[in-house]
Amino acid sequence: MTSEGQPAKRSFFALCVISFIILSLALSACGTGGSGTGGTASTVPTLNPATPTIAPPTNLLTPGTLTVGSDTTYLPMEYVDTTTNQYVGFDVDLITLIGQRMGLKVKVVKTGFDTIFDDLSNKRFDTVISSVTINDQRKVKFDFVPYFQAGESLLVPAGNPKHITGVANLCGLNVSVQTGTVEKDDLDTASAACKKAGKPAINQSVFQDQTEVIQQLVNRRVDATYQDSPITDYYNKQHPGQFEIGGSVVNTAPYGITIRKGDTELTDAINKAFQQVVADGSYDKLFDKWQFTKSQEISATSAS
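Numbering of the sequence shown is given in the numbering used here, commencing with residue 555 and proceeding in unit increments.
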């Protein structure tokens, strides 16, 4: 290279450096203010600044991102905050904390509960957190990291005019329920028992959206709704004097973060991250934030 070419080379190099700095600043500005979850499935979440303490899995659909399926209609576990258009809720907070421990972005993909398991099997996302009750049928196809103790309960109008104390009282009554849930299975079983006893079947109104399930009771189109106990408790607190619980909580079982069967790398990473979230007190704080009782907590050892 001749001496005349050196200044031109340095000028070009300096221009490249300046351009890179400007581009970096622009990207940084665009990335600030995110919550770590997407308001829609196409939203790209921001990088989490937390220092990872768990090695991330190497088999993620998108390297650096934990893609999570969720039916975001299940207040207060997972839902859309209409003021921010962001996914929020206990489950969203928890999976975000777990992603942080692995140094991963968390992208929530909205899906219906009636298709959520097939979507996971077909690798639409890496994992599912969506108030999934762990039962023997689901354990055949999926692995789980337990994180919450929940049961099933009925929500009825204030005063309980039909004197409902359990599913055995529902013969001939109108009940709304979300499709694909354990409650839907239980209502089918109870309805068959009604007919076997010579009583009318349970008249079920089945919806994909849990919000619509509750709306049926608000509009007095049904006599009761059947769902997980945290959701019953939430709506009862949100609408004092309008609803009450019909009977007691039954069929207590843990919710589980759901992973494809045999994906031990992801299961182990999520389990270790969850144990850290429990150990450092973040898990306790989530129960305080969302006003759940400590009796619904899962210990770190029971998740292993």
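Where is the CB? At the ideal position from N, CA and C, for every residue including glycine.
Practice item. Name the residue from 767, 711, 646, 807 whose alpha carbon lies nearest to the alpha carbon of residue 801. Key: Taking only the C-alpha atoms, the option nearest residue 801 is 711.
Check your understanding: So what's residue 781 in DSSP terms, helix, strand or just coil?
Key -> Note: residue 781 maps to strand in three-state DSSP.
Practice item. Ignore the nearest five residues each way along the sequence and tell me which others in residue 776's own chain have a CB closer than 7 Å to its CB. Key: Within the same chain, residue 776 has close Cβ partners 728, 729, 730, 759, 770.
Point to revise | Residues that DSSP places opposite residue 730 in a beta bridge | key: As DSSP reads the structure, residue 730 sits in a beta bridge with 759, 779.
Point to revise | Sub-8 Å separation of residue 708 and residue 797 beta-carbons | key: It is not a contact, given that the beta carbons lie outside the stated cut-off.
Review point. Bridge partners of residue 664, per DSSP?
Key: Residue 664 pairs with 624.
Exercise for review: Return the first residue and the last residue of the beta strand (DSSP E) that residue 653 is part of.
Suggested key: Segment 644–655 is the alpha helix (DSSP H) holding residue 653; no beta strand (DSSP E) there.
Exercise for review: In angstroms with no decimal places, state the Cα-to-Cα distance between residue 828 and residue 764.
Suggested key: If I take the Cα positions, the gap works out to 27 Å.
Check your understanding: Taking the alpha carbon of residue 690 as the point to measure from, which residue in 808, 612, 799, 850 has its own alpha carbon closest?
Key -> Relative to the Cα of residue 690, the nearest Cα in the group 808, 612, 799, 850 belongs to 808.
**Study point:** In DSSP terms, what residue 682 is bridged to
**Key:** Paired residues: 623, 812.
**Study point:** C-beta contact flag for residue 762 and residue 680 at 8 Å
**Key:** No, the pair does not count as a contact, with Cβ atoms beyond the cut-off.
Check your understanding: With a CB to CB cut of under 8 Å and the five nearest residues on each side skipped, what residues in its chain are close to residue 848?
Key -> A distance below 8 Å between beta-carbons, with the five flanking residues on each side excluded, links residue 848 to the following residues of its chain, in chain order: 838, 841.
Point to revise | residue 783 classed as buried or exposed, judged by whether at least 16 other C-beta atoms fall within 10 angstroms | key: Classification of residue 783: buried, given that the 10 Å Cβ count is 16 or more.
Review point. Around the C-beta of residue 684, are 16 or more other C-beta atoms found within 10 angstroms, so that it is buried, or is it exposed?
Key: The Cβ neighbour count for residue 684, taken over all protein chains shown within 10 Å, is at least 16; the residue is labelled buried.
Practice item. Compute the Euclidean distance between the alpha carbons of residue 751 and residue 725, then round it to the nearest angstrom. Key: About 10 Å.
Review point. So what's residue 818 in DSSP terms, helix, strand or just coil?
Key: Residue 818: helix per DSSP, three-state reduction.
Check your understanding: Considering only residues of the same chain and omitting the five flanking positions on each side of residue 688, which have a CB-CB separation below 8 Å?
Key -> Result list for residue 688: 698, 700, 807, 808, 809, 810, in chain order.
Review point. Going by beta carbon distance, what residues of the same chain come within less than 7 Å of residue 666, once the five residues before and after it are set aside?
Key: The residues 625, 762, in chain order, have a CB closer than 7 Å to that of residue 666 in the same chain once the five nearest residues on each side in sequence are set aside.
Review point. What does a CB cutoff of less than 6 Å around residue 635 pick up in its chain, not counting 5 residues either side in sequence?
Key: 642.
Exercise for review: Just grab the DSSP bridge partners of residue 640 for me.
Suggested key: The partner list for residue 640 (beta bridge, DSSP) reads 635.
Practice item. Below 8 Å on the Cβ atoms is my guess for residue 696 versus residue 814; work out the distance and round it to an integer in Å. Key: About 7 Å separates the two Cβ atoms, so the contact holds.
Review point. Going straight from the alpha carbon of residue 722 to that of residue 825, what length do you get?
Key: A straight line joining the alpha-carbon of residue 722 with that of residue 825 spans about 38 Å.
**Study point:** Helix, strand or coil at residue 745 [DSSP, three-state]
**Key:** Assigned with DSSP and collapsed to three states, residue 745 falls in helix.
Review point. When DSSP labels each residue in this structure, what does residue 695 get in the three-state scheme?
Key: Per DSSP, reduced to three states, the secondary structure at residue 695 is coil, with no helix or strand assignment.
Exercise for review: With a threshold of 16 other CB atoms inside 10 Å of the CB of residue 655, please say whether the residue is buried or exposed.
Suggested key: Buried, by the Cβ-count rule.
Check your understanding: How long is the line joining the alpha carbons of residue 767 and residue 833, rounded to whole angstroms?
Key -> Just so you know, the alpha carbons of residue 767 and residue 833 end up roughly 37 Å apart.
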